[in-house]
Amino acid sequence: MAYASRLYPRAKPRGFTLQWIKKLSATFDFDTTQYTKAFQDNQKLADSSIYTYYTRIAEPFLTHALQYIDADDDINDLLNKIYQQIISNTRLADEVDQPEFKKSKDQTIHMLKRFHTFQQIVFQAEDFELEFIASQSRPRARIIGHTAFQVILKKLNQLLHDQSISDHHYKLLKIIYILAYRTGMRINEILGLRVKDIEGLNQFSIWVQPYGSKKQGNQHLLKTDSAERIVPAYALLKDDEYQFFSDFVVEKRLENKKSLYLFSNLNENKKLNKHTVTAPLKLILNQVFKGHHYSFHSFRHTTANHLSLLLNCEYAPLVQKLTDYSENEYQKIRAELLQNQHGQNHWFVIAHLLGHIEPVETFKSYIHLNYLIAGQKLLKHHPDMPNELAKKIMGHNATFKNLQITNGEKDFNFEKNQSVLATILLNDQTKWLQSNATDILDELSLQIDQSHDFFCFFCWNRRF
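Here you go:
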């Protein structure tokens with residue numbers, strides 16, 4: 395398929411003669427009359443806007459189109475996918491706090507509309523509702539499964555065993571990774587914790603709060619006002635994780651310096667450098683996943699989705715299969731977090747734990763399993779669903795033509811169509827699922843885990 399021919403200059407270049415148009419027409423098989431008409435029907439593009447069109451539409455289109463260069467799919471299906479990816483990448487600007495995000499997204503949709511008009515005139519493409527495609531765009535799902543997380547901790551153990559990191563550094567990293575994975579706290583929130591921000595005697599909670607000032611040189615700000623909150627670590631961490639965290643906190647409290655940072659280098663009272671935490675994680679993730687978009691922030695995505703399952707689903711099958719919480723832990727977390735709350739309030743609880751003022755932000759950027767949650771509830775209460783209702787719930791999608799629906803069937807057959815539905819749900823990004831995490835876990839499980847022998851370390855170290 396000739397994708398290059400679909401990228402046209404709105405401002406007619408100098409010397410772009412009819413002879414050149416005929417050459418393009420012969421190469422890419424389009425009607426020269428329709429091609430010329432596409433320019434005549436549109437207002438001339440200002441020279442100052444050409445670069446904007448190139449960076450927002452032309453370059454992304456070519457980049458995303460390359461993966462479909464040998465595809466036999468219908469052109470409308472391919473355009474739908476490429477438009478989704480262009481809009482999704484524009485939306486990612488929000489994740490790095492770009493203030494021009496809304497303007498950027500709206501401009502992209504506006505330019506895509508103009509661009510698609512050209513596709514309709516010259517290549518007879520179907521009419522698309524680009525606003526709907528934009529609403530269907532989803533942020534990248536960065537959920538770290540519980541098996542992968544155990545591999546991360548195992549690899550961390552290996553770094554200690556190989557003396558790539560010190561015992562103190564190992565302890566800090568393990569607790570930080572656990573807190574991030576189970577509570578969803580941001581990295582700056584964790585690194586800014588002081589000893590006195592850990593509340594309680596037997597059941598530790600974490601008070602995420604701003605403090606200090608520029609004048610004193612210890613100013614610690616939160617991302618938003620709503621980010622100040624109490625995080626019940628005693629409820630969210632598993633028993634062995636909580637014990638490890640608890641022992642660490644007790645040690646820090648015995649130093650009797652409440653203003654100390656909870657996480658710092660030995661003999662220092664300075665906030666731990668972010669790179670000290672992210673660099674080892676990046677090293678481990680690159681070993682665990684063949685190709686990935688995971689980062690420290692993926693822990694926060696994971697927490698959001700685990701909480702959405704824990705607070706909105708029955709234990710089986712989703713919580714049981716997609717998390718490592720036992721049924722007793724599931725009941726304990728629900729009892730602590732929900733108490734007497736019901737229904738929609740569950741989403742407000744999750745939003746609060748993540749430091750969001752309301753669930754809108756949580757849904758927009760973090761909840762990736764809502765399809766599974768909603769589908770499980772529909773399957774429970776409406777196991778027999780008419781074909782037309784199923785299509786309406788799923789919304790318009792060009793790939794629905796691949797669904798296996800016969801004229802004689804009244805109800806939608808989910809089992810027969812599960813492969814197609816899974817492909818749509820994953821947005822055709824099945825390569826993200828590739829990982830050698832299981833192989834690494836099997837390999838590490840063969841090694842005998844031995845506790846660190848402090849006596850041997852000090853007695854046989856030549857420095858002592």
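The sequence shown runs 395 to 858 under this note's numbering. Just so it is clear, CB atoms sit at the ideal spot from N, CA and C, and this is done for glycine as well. Please read all numbers here as calculations on a predicted model, not as lab measurements.
- If only complete runs of 4 or more residues are kept, the segment 717-763 shows the alpha helix (DSSP H) at 721-732, 739-748, 753-759, in order along the chain.
- Membership of I569 in the alpha helix (DSSP H) is indicated by the continuous run 561-577.
- Residue pairing of H614 in beta bridges, as defined by DSSP: Y605.
- The beta carbon of H750 lies closer than 7 Å to those of S620, T756 in the same chain, with the five residues before and after it left out.
- With respect to V671, I546 sits apart: the two C-beta atoms are not nearer than 9 Å.
- Taking C-beta atoms as the reference points, L748 and Y765 fail to come closer than 9 Å.
- Residues of the same chain with a CB within less than 7 Å of the CB of I799, apart from the 5 flanking positions on each side, are N781 in chain order.
- The segment 661-677 and the segment 710-729 do not touch, with fewer than 3 CB-CB distances between them shorter than 8 Å.
- The beta carbon of H540 lies closer than 7 Å to those of T717, D718 in the same chain, with the five residues before and after it left out.
- Apart from the 5 residues on each side of it in sequence, L631 sits with its Cβ closer than 7 Å to the Cβ of I572, R576, F639 in its chain, given in chain order.
- If you draw a straight line from the Cα of A519 to the Cα of L456, it is about 18 Å long.
- Cβ-Cβ distances below 7 Å link K416 to T426 in the same chain, with the five nearest sequence neighbours on each side left out; the list follows chain order.
- Linking M505 to Y447 through their CA atoms gives a straight-line distance of about 7 Å.
- Nearest in C-alpha terms to E662, of all of L654, Q434, K565, is L654.
- Annotated three-state conformation of D591 is helix, per DSSP.
- By the neighbour-count definition (other C-beta atoms within 10 Å, threshold 16), S702 is a buried residue.
- One thing to note: Y636 has its Cβ no nearer than 9 Å to the Cβ of I538.
- A direct Cα-to-Cα measurement between E809 and I476 gives close to 28 Å.
- Following the DSSP letters along the chain, one finds I624 in no alpha helix (DSSP H) but inside the beta strand (DSSP E) bounded by residues 623-625.
- The alpha-carbon separation between Y564 and E593 amounts to approximately 24 Å.
- Here DSSP, grouped into helix, strand and coil, assigns P711 to helix.
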